[in-house]
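Enquirer: Have a look at this one before I ask anything.
Chains as they are written, first to last, in UniProt numbering: chain A, 1 to 457; chain B, 1 to 457.
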């Protein structure tokens with residue numbers, strides 16, 4: 001039996017863009033409780049107290065093992081791998097042969113010949129595919145997210161403790177040696193007799209740890225963190241709070257993978273089953289090009305230009321070398337105008353159809369949201385993942401704008417809602433388009449300098 | 001082993017009101033998908049097309065059987081039971097000996113000696129308790145809602161097809177005799193070879209049917225309804241859409257049961273386990289009396305005065321006879337002022353803490369929400385269950401107000417949010433109180449006359 005593939009599925013649609021824009025799948029799902037207490041307090045907890053995030057379910061893990069593991073990763077990653085190995089971690093970015101981003105995620109050096117990719121699905125499949133066609137001495141093992149395999153437990157639990165009180169809690173639960181808290185360094189922690197590995201990173205400017213271990217030990221570790229955390233007022237973040245975290249940090253969770261066109265990527269499309277996430281995922285928002293390639297982003301668009309290192313050969317290197325010298329869009333945070341956002345909520349009380357509803361706290365309605373950023377009616381950038389930040393007390397989004405418009409305080413407009421009443425995505429109610437003013441700020445938005453700047457207004 | 005009871009639990013709190021106001025339980029839960037497509041379109045479907053509601057999980061069923069079944073029901077119900085029996089249905093209302101409402105729900109005459117109560121939990125337990133202490137020839141069987149017994153399937157599936165196209169769909173799927181569509185009359189339907197019983201009632205002014213049968217047959221019936229419904233554009237209502245339905249219809253889903261005080265109700269409190277819904281349920285809103293009896297409502301408060309029939313003896317009759325001659329509060333729909341509602345959403349973008357968040361589409365945050373209704377700062381009524389109606393394009397609530405203030409167009413104010421920053425209910429974020437203007441309208445709000453009245457403004 002031949003498996004139906006993404007390439008087959010694409011043939012049933014007038015264009016890849018039409019397929020993605022009218023996908024029957026809604027936004028990306030975090031399969032945990034929407035809120036454990038109240039999402040506003042849970043969001044505030046990572047800025048003002050401590051929060052426990054359970055990331056055990058929503059990400060796809062890929063193990064890459066063997067003598068050629070690092071060779072493979074270096075072959076697909078734009079990043080430098082100089083000095084990379086056990087106990088090192090980095091944000092891996094991969095591009096297609098034309099230099100457009102397929103995805104990014106965290107790469108952990110578990111051993112010198114064993115690496116673990118953790119993130120959205122696209123890169124996991126891309127790396128597995130490249131391993132398969134490489135002919136090298138490397139194997140991969142996929143541990144897919146729970147949504148796609150709800151009956152199989154994950155191999156690892158993955159928790160994060162973040163916020164100003166995170167290290168107090170982590171030091172109190174730790175039964176092992178000193179914690180490794182230097183940014184993006186890996187270490188160990190022992191909780192309730194269970195040894196876990198850690199990655200130091202932060203949220204909202206405060207340091208914290210991500211930690212993981214065998215899934216079976218997760219409950220013991222979780223219960224102990226809850227027990228000690230309670231003394232420090234730690235809250236658990238539900239899926240609604242979690243959906244705002246990336247935007248406050250300036251991370252665009254999922255660029256549309258640049259895989260839907262081109263002969264060079266055809267093999268990958270023929271390898272991917274037609275029911276794979278990459279085949280059924282949705283694109284939404286007011287940026288609705290007919291050519292799917294208009295969605296494709298460069299590493300510079302996403303703020304990853306500094307990660308591109310020409311110290312090794314990798315897929316897309318020649319294209320990126322050409323791009324490097326050209327002007328790039330600049331990633332910024334957009335703070336949406338209070339009065340204009342209110343018009344969206346006011347529209348609920350006006351005639352039907354009104355403006356596109358903004359759900360709280362995540363206003364987007366597709367796995368890959370792209371809205372037009374306008375200046376005097378002309379397209380000058382793309383805005384992604386609008387969310388209400390209960391810390392910033394504002395609606396914010398991450399955007400890529402023309403570099404001359406990236407200065408803090410620049411006034412732009414966002415086109416909100418899809419054309420012609422909305423696409424056929426079932427989560428999209430009929431609506432009319434409108435524009436919303438926005439002000440440019442750097443990313444991440446949380447830095448004190450920005451706060452005081454905005455407070456002065 | 002002695003079971004801990006509600007009466008025991010009450011002893012651990014300074015007052016019943018404090019226990020209920022600080023309950024750790026959130027709003028009443030409908031354990032179905034939040035939305036199948038988009039809640040706005042799903043709400044619109046019962047006014048403009050057709051909608052399938054799955055009510056198989058969230059209500060508690062109580063079977064009452066035996067020669068004295070009707071005697072028992074007549075003993076607890078304020079309603080007349082003259083001519084009641086097989087294939088009759090009514091909205092059963094029960095009060096305590098002081099005449100205050102314990103609850104209401106639908107009573108179905110399955111056979112002349114078998115009745116089925118379906119509704120929120122309080123009355124199911126009250127009837128079962130009364131059966132137990134009656135010494136009569138009557139038995140009861142409880143089929144509790146899925147939330148409290150997730151691993152046991154329900155005895156019955158229960159669906160509703162509603163909206164202007166509902167009868168088109170039901171006639172098309174029906175393989176049996178003619179449908180019984182007279183309001184609140186019971187009948188039969190055969191779908192996919194499965195015989196089901198029906199109750200005719202409507203939503204938004206259009207007639208539809210509620211139907212039920214053995215749970216095992218539910219999937220076949222559901223699939224066939226979906227198949228035929230698709231031709232008519234039928235949508236499924238998720239829990240978010242469903243949460244608005246009662247308020248559009250003018251039904252207050254759950255008055256706080258008047259059971260927490262008084263020697264006469266002590267036996268019931270000692271019979272109820274401490275983990276029962278009635279022991280752990282929450283009360284929320286700006287009406288925060290210290291005396292729980294201030295929450296208690298009369299049948300007239302809820303618009304059920306016309307159901308009180310002194311043609312039989314029943315618990316509470318003498319008290320209701322005294323009340324009958326006194327002035328009563330009047331049930332009305334409140335349409336919340338657009339500008340003031342916007343201030344709540346605007347507050348999200350102002351300093352923390354802001355006004356109490358209104359979730360869309362159900363703004364309340366407790367199983368029993370009570371907000372103060374004010375005129376010139378004085379308490380003149382109670383407002384319950386604020387929701388956004390995507391049909392009315394307005395925030396509405398149901399309220400009981402002083403009778404001289406019940407005229408359409410009367411301007412009142414609602415106190416929104418809890419005092420002192422909010423109670424200890426975990427779903428309540430810190431907030432400040434504010435008032436929201438509201439205009440009085442009759443119930444149900446959907447009647448065309450009201451619509452045109454509001455449209456003229």
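Glycine included, every Cβ here is placed at the ideal spot set by N, Cα and C.
Taking the alpha-carbon positions, what's the residue 26/B to residue 38/A distance?
Expert: So the alpha carbons of these two residues sit roughly 10 Å apart.
Enquirer: Which residues does DSSP pair with residue 94/A in a beta bridge?
Expert: In the DSSP output, where bridge partners are listed per residue, residue 94/A has 77/A and 103/A.
Enquirer: Quick check on DSSP: helix, strand or coil for residue 30/A?
Expert: Reduced to three states, the DSSP call for residue 30/A is coil.
Enquirer: Below 7 Å, is the gap between the Cβ of residue 158/B and the nearest heavy atom of the ligand COA?
Expert: With respect to the ligand COA, the structure offers nothing, as it holds no ligand at all.
Enquirer: Does DSSP put residue 254/B in a helix, a strand or coil?
Expert: Three-state DSSP puts residue 254/B in coil, outside helix and strand.
Enquirer: Strictly below 7 Å CB to CB, what residues from chain B border residue 37/A?
Expert: Neighbours of residue 37/A on chain B, chain order: 426 and 427.
Enquirer: By DSSP, does residue 397/B sit in helix, in strand, or in coil?
Expert: Strand at residue 397/B.
Enquirer: If you check the beta carbons only, do residue 272/B and residue 209/B fall under 8 Å apart?
Expert: Result no, Cβ atoms of residue 272/B and residue 209/B do not sit closer than 8 Å.
Enquirer: Based on the DSSP output, what are the partners of residue 442/B in its beta bridges?
Expert: Its beta-bridge partners do not exist; DSSP assigns none.
Enquirer: Any C-beta of chain A sitting closer than 8 Å to the C-beta of residue 217/B?
Expert: Not an interface residue.
Enquirer: Quick one: what's got a C-beta closer than 8 Å to residue 385/B's C-beta in the same chain, skipping five residues either side?
Expert: 246, 247, 252, 253, 362, 364, 369, 397 and 398.
Enquirer: Of all the residues that make up the stretch 378-408 of chain B, which are near chain A by a beta-carbon distance shorter than 8 Å?
Expert: Result list: 388, 390, 393, 394 and 395.
Enquirer: With a threshold of 16 other CB atoms inside 10 Å of the CB of residue 420/B, please say whether the residue is buried or exposed.
Expert: Its Cβ having fewer than 16 others within 10 Å, residue 420/B is exposed.
Enquirer: Contact check, residue 334/B vs residue 383/B under 8 Å by CB: the rounded distance?
Expert: Confirmed, about 6 Å.
Enquirer: Tell whether a beta-carbon distance below 8 Å holds between residue 160/A and residue 55/A.
Expert: Yes; because the gap between Cβ atoms is below 8 Å, this pair is in contact.
Enquirer: Shortest alpha-carbon distance to residue 330/B belongs to which of 306/B, 314/B and 350/B?
Expert: Nearest C-alpha to residue 330/B: 306/B.
Enquirer: Identify the continuous beta strand (DSSP E) that holds residue 53/B and give its terminal residues.
Expert: Unbroken beta strand (DSSP E) run through residue 53/B: 51-54.
Enquirer: For the putative contact between residue 102/A and residue 257/A, defined by C-beta atoms under 8 Å, what is the C-beta separation to the nearest angstrom?
Expert: Sure, about 5 Å apart at Cβ, within 8 Å.
Enquirer: Using Cβ-Cβ distances below 8 Å, what residues of the stretch 95-114 of chain A are close to chain B?
Expert: Here the close residues number zero.
Enquirer: Thinking residue 186/B and residue 82/B are a contact (beta carbons under 8 Å), I'd like their distance in whole angstroms, please.
Expert: At roughly 17 Å, the Cβ-Cβ gap does not stay under 8 Å, so residue 186/B and residue 82/B are not in contact.
Enquirer: For residue 401/B, which option in 301/B, 353/B and 241/B has the closest C-alpha, if you only look at C-alpha atoms?
Expert: Among 301/B, 353/B and 241/B, the Cα nearest to that of residue 401/B belongs to 301/B.
Enquirer: Would you say residue 353/B and residue 95/B are within 8 Å of each other, going by their C-beta atoms?
Expert: The answer is no: Cβ separation not under 8 Å.
Enquirer: State the CB to CB distance for the pair residue 283/A and residue 366/A, rounded to an integer number of angstroms; the pair is presumed to be in contact (CB under 8 Å).
Expert: Going by Cβ atoms, the distance from residue 283/A to residue 366/A rounds to 6 Å, so yes, they are a contact pair.
Enquirer: Measure the alpha-carbon distance for residue 157/B versus residue 220/B and round it to whole angstroms.
Expert: Spanning the two alpha carbons is a distance of roughly 11 Å.
Enquirer: Please confirm whether residue 345/B has its beta-carbon closer than 8 Å to some beta-carbon of chain A.
Expert: At least one chain A Cβ lies under 8 Å of residue 345/B.
Enquirer: List the residues of chain B that residue 350/A touches, going by C-beta distances under 8 Å, in chain order.
Expert: Result: 393.
Enquirer: When burial is assigned at 16 or more other CB atoms within 10 Å of the CB, is residue 339/A buried or exposed?
Expert: So residue 339/A counts as exposed.
Enquirer: Can you list the residues of chain A that residue 338/B reaches, using a CB-CB cut of under 9 Å?
Expert: Ordered by position in chain A, the residues that pass the 9 Å Cβ test against residue 338/B are 346, 349 and 350.
Enquirer: So the alpha helix (DSSP H) residue 345/B belongs to, where does it begin and stop?
Expert: Run containing residue 345/B: 338-347, per the alpha helix (DSSP H) assignment.
Enquirer: Identify each residue in the stretch 40-57 of chain B for which the Cβ-Cβ distance to at least one residue of chain A is less than 7 Å, and report them in chain order.
Expert: Those would be 40 and 41, in chain order.
Enquirer: Check distances from the C-beta atoms of the stretch 113-128 of chain B to those of chain A and list, in chain order, the residues that come in under 8 Å.
Expert: Here the close residues number zero.
Enquirer: Would you decide whether residue 266/A is buried or exposed? Buried here means 16 or more other CB atoms lie within 10 Å of its CB.
Expert: With fewer than 16 other Cβ atoms within 10 Å, it is exposed.
Enquirer: For chain E, find out if any of its Cβ atoms is closer than 8 Å to the Cβ of residue 147/A; answer yes or no.
Expert: In the displayed structure, chain E is absent; the protein chains listed are A and B.
Enquirer: Who pairs with residue 186/A in a beta bridge, going by DSSP?
Expert: Per DSSP, 199/A.
Enquirer: Quick one: which unbroken alpha helix (DSSP H) runs of 4-plus residues sit fully inside the stretch 203-268 of chain A? Chain order, please.
Expert: You should have 218-231 and 239-249.
Enquirer: DSSP three-state label for residue 306/B, please.
Expert: DSSP places residue 306/B in helix when its eight states are reduced to three.
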